[in-house]
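Data first, discussion second: the structure below is written as structure tokens.
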Amino acid sequence: MNVNIKNAARLGNFIIQIKNALHIALFHNYNVILPKHKFFNTTYLVINENITIENKTIEDKYSFFYKEKIKDHQLIFGKNADKVNKILREIFIFSGIESLKNDLVIHIRSGDLFQKNPHPKYLTPPLSYYKDIIERNNYENIYLISEDTLNPCINKLLALYPNIKFKLQSLEEDIKLILGASNIVISYGTFIPQLLDFSDNIKCIYVPSYLNNYKKEYFKINRDCIVKTSKLDEYYKLMIPWKNTQAQHKTMLSYQTIVK
Numbered sequence: 003m004n005v006n007i008k009n010a011a012r013l014g015n016f017i018i019q020i021k022n023a024l025h026i027a028l029f030h031n032y033n034v035i036l037p038k039h040k041f042f043n044t045t046y047l048v049i050n051e052n053i054t055i056e057n058k059t060i061e062d063k064y065s066f067f068y069k070e071k072i073k074d075h076q077l078i079f080g081k082n083a084d085k086v087n088k089i090l091r092e093i094f095i096f097s098g099i100e101s102l103k104n105d106l107v108i109h110i111r112s113g114d115l116f117q118k119n120p121h122p123k124y125l126t127p128p129l130s131y132y133k134d135i136i137e138r139n140n141y142e143n144i145y146l147i148s149e150d151t152l153n154p155c156i157n158k159l160l161a162l163y164p165n166i167k168f169k170l171q172s173l174e175e176d177i178k179l180i181l182g183a184s185n186i187v188i189s190y191g192t193f194i195p196q197l198l199d200f201s202d203n204i205k206c207i208y209v210p211s212y213l214n215n216y217k218k219e220y221f222k223i224n225r226d227c228i229v230k231t232s233k234l235d236e237y238y239k240l241m242i243p244w245k246n247t248q249a250q251h252k253t254m255l256s257y258q259t260i261v262k
């Protein structure tokens, strides 16, 4: 039997799709069919050499294979995390990225969350979240990654800290920066947490408190790193549902937060 990922989501979610499919395949001794993707070097993962790509397939409507929808999911997803991570590293095309030792990489989610009809529960942190992290530390270089400048925190940070290194660049260049980071700031999304499973350099992760459950879910692989949380639960209550209004933009720029 083959576990078939019919459609690839965006990179962070695609990694989740592969992880979930691998957990099922390893538990049941199946193989995995992947859609072609420029960041992965194969379209077929062989767990059982007696199975071929022509064998029957198991499929999921959206190709996520969420554990909550799968019988005996606690058994299936409760083991093999190290094996899953090892296989993922073998098929991911990026490796051996040089460490940015005393540098900070800030990822700010923008794009779809600052357009019409954004997801009401997807909230990026306030300006003070990034300011506090920058000012409480003494990093040699600060890099900012974002797909555009729609998030109002981006241009404000660039004005406040002219030494921040920022340019709109390819996804490949963003990935290299993320994998080289020793210290990284998460805003929202699966992109950074999933990529960090491939990192050999990460030492410190900054995350908003309203992503605590999310953090526990995506940082299960043991690593020698510290997770520092900024208290933003009240901010989340104040801003949800997220509607991308001018009033919410104003709050995003003025709200004060505390780093634990």
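Numbering (the numbering used here), first residue to last: 3 to 262.
All C-beta atoms, glycine included, are put in the ideal place defined by N, C-alpha and C.
Checklist entry - Measuring CA to CA, which of I35, K88, I18 and N185 is closest to N140? => result It is N185.
Checklist entry - Beta carbon of P128, beta carbon of Y208: below 8 Å? => result Contact annotation: P128 and Y208 have beta-carbon atoms that are not nearer than 8 Å.
Item to check | Beta-carbon proximity list for K58, same chain, < 8 Å, skipping 5 on both sides | outcome: Taken in chain order, the residues that qualify are M3 and N4.
Next on the checklist: Residues in the same chain with beta-carbon distance under 8 Å from K133, minus the five sequence neighbours each way, listed in chain order, please.
Outcome noted: L159 and L162
Checklist entry - Starting from L213 and walking both ways along the alpha helix (DSSP H), at which residues does that stretch end? => result Where L213 is concerned, there is no enclosing alpha helix (DSSP H), given that its DSSP letter is neither H nor E.
Checklist entry - Which whole-angstrom value is the C-beta distance of I177 and F96, which I expect to be below 8 Å? => result The C-beta distance from I177 to F96 rounds to 6 Å, short enough to fall under 8 Å.
Checklist entry - Can you tell me the Cα-Cα spacing of F94 and F42, whole angstroms? => result 5 Å
Checklist entry - Just how far apart, CA to CA, sit M241 and K123? => result 9 Å
Checklist entry - Straight-line CA distance for V48 to S232? => result Between V48 and S232, the C-alpha separation is close to 42 Å.
Checklist entry - Going by the beta-carbon positions, is the gap between C155 and I110 smaller than 8 Å? => result yes
Checklist entry - Nearest to I166 by CA position, among S65, N157 and S172, is which residue? => result Among S65, N157 and S172, the Cα nearest to that of I166 is on N157.
Checklist entry - Leaving out the 5 sequence neighbours to the left and right, which residues in its chain are closer than 6 Å to N9 when beta-carbon positions are compared? => result S65
Checklist entry - Helix, strand or coil for K85 per DSSP? => result Three-state DSSP puts K85 in a helix.
Item to check | Residue interval of the alpha helix (DSSP H) (run including A249) | outcome: Q248 to S256
Checklist entry - Can you name, in chain order, every residue of its own chain whose Cβ lies under 7 Å from the Cβ of N224, other than the five neighbours on each side? => result Caution applies to N224, whose pLDDT of 46 falls short of 50 and renders its modelled position unreliable; the model cannot decide the point.
Next on the checklist: Is S65 close to the ligand SAH? I mean its beta-carbon at under 7 Å from any heavy atom of the ligand.
Outcome noted: Ligands are entirely absent from the displayed structure, and the ligand SAH is therefore not among its contents.
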